[in-house]
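Trainee:
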């Protein structure tokens, strides 16, 4: 696979993506918790200018899996914004709910991911200012490899006014990622 920008047939892309998921997951699991914590902080510092560019931003975040960039400290590092976290819904859809106190308002949900209560206020996708997009791997061109559920593939096209941003460890950066017709590029990738 030499050209990650070319759309592929569904069968070949699915097989290539599965192999990449295994490879990147192994590299991420090789990082120590200390390495992840230090590098997560460095990535949040690189994101800071965007969060400091305006008051009262509506930001879609996600509660990271243990091998992902830790974003929860953003709530205390950059207070004054409204931070929304996803809930998985039937049909591989997402709803985002306002979280002010992660310790009290997030609990284990689908696949063990910390999830907000459905009772918390929600926000429609078109009203977000910034969406921090999760992913297992990214190319420098903005191609994204998710976990295979298609949740964000369905959600991101609805975020018409939002700035899409991804944060990634260097182990998540690949020279190319197989693309399918529905795959959107992430315009801003912050990595180290």
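Numbering (UniProt numbering), first residue to last: 1 to 192. From the three backbone atoms N, C-alpha and C, an ideal C-beta is built for every residue, glycine too.
Out of curiosity, what's the CA-to-CA distance linking residue 83 and residue 36?
Mentor: Counting from 1 along the chain shown, the entry for residue 83 is found at position 83. Counting from 1 along the chain shown, the entry for residue 36 is found at position 36. C-alpha separation (whole angstroms): 22 Å.
Trainee: Distance check for residue 170 and residue 142, CA to CA, integer angstroms please.
Mentor: Within the chain shown, residue 142 is the residue found at index 142, counting from 1. Within the chain shown, residue 170 is the residue found at index 170, counting from 1. Taking the straight line from one Cα to the other gives about 14 Å.
Trainee: If you reduce the DSSP assignment to three classes, tell me which class residue 144 lands in.
Mentor: For this step, residue 144 is matched to residue 144 along the chain shown. Here residue 144 sits in strand by DSSP.
Trainee: Just list the beta strand (DSSP E) runs in the segment 130-184, keeping only unbroken ones of 3 residues or longer that don't cross its boundaries, in chain order.
Mentor: Entirely contained in the segment 130-184, the beta strand (DSSP E) runs reaching 3 residues are, in chain order, 130-132, 137-139, 163-168.
Trainee: Are residue 167 and residue 156 closer than 9 Å when you measure CB to CB?
Mentor: Counted from its first residue, the chain shown places residue 167 at position 167. Counted from its first residue, the chain shown places residue 156 at position 156. No, they are not a contact pair.
Trainee: At the level of alpha carbons, what is the spacing between residue 151 and residue 113?
Mentor: Taking the first residue of the chain shown as position 1, residue 151 is located at position 151. Taking the first residue of the chain shown as position 1, residue 113 is located at position 113. Distance between the alpha carbons of residue 151 and residue 113: 14 Å.
Trainee: Give the C-beta separation of residue 123 and residue 96 to the nearest angstrom, bearing in mind that I take them to be a contact with Cβ-Cβ under 8 Å.
Mentor: The residue given as residue 123 occupies position 123 in the chain shown. The residue given as residue 96 occupies position 96 in the chain shown. Right, their Cβ atoms sit about 6 Å apart.
Trainee: Is it buried or exposed, residue 71, if we count other Cβ atoms within 10 angstroms and call 16 or more buried?
Mentor: As a position in the chain shown, residue 71 is number 71, starting the count at 1. Buried, since its Cβ has 16 or more Cβ neighbours within 10 Å.
Trainee: In terms of alpha-carbon separation, which member of 29, 32, 104, 127 lies closest to residue 116?
Mentor: Residue numbering aside, residue 116 sits at position 116 when the chain shown is read from its first letter. When only C-alpha atoms are compared, the closest one is 104.
Trainee: Taking the alpha-carbon of residue 65 as reference, which of 100, 92, 146, 126 has the nearest alpha-carbon?
Mentor: The residue you call residue 65 lines up with position 65 of the chain shown. Closest by alpha carbon: 146.
Trainee: Who are residue 35's beta bridge partners in DSSP?
Mentor: Reading the chain shown from its first residue, position 35 is the one you call residue 35. DSSP lists no partner for residue 35.
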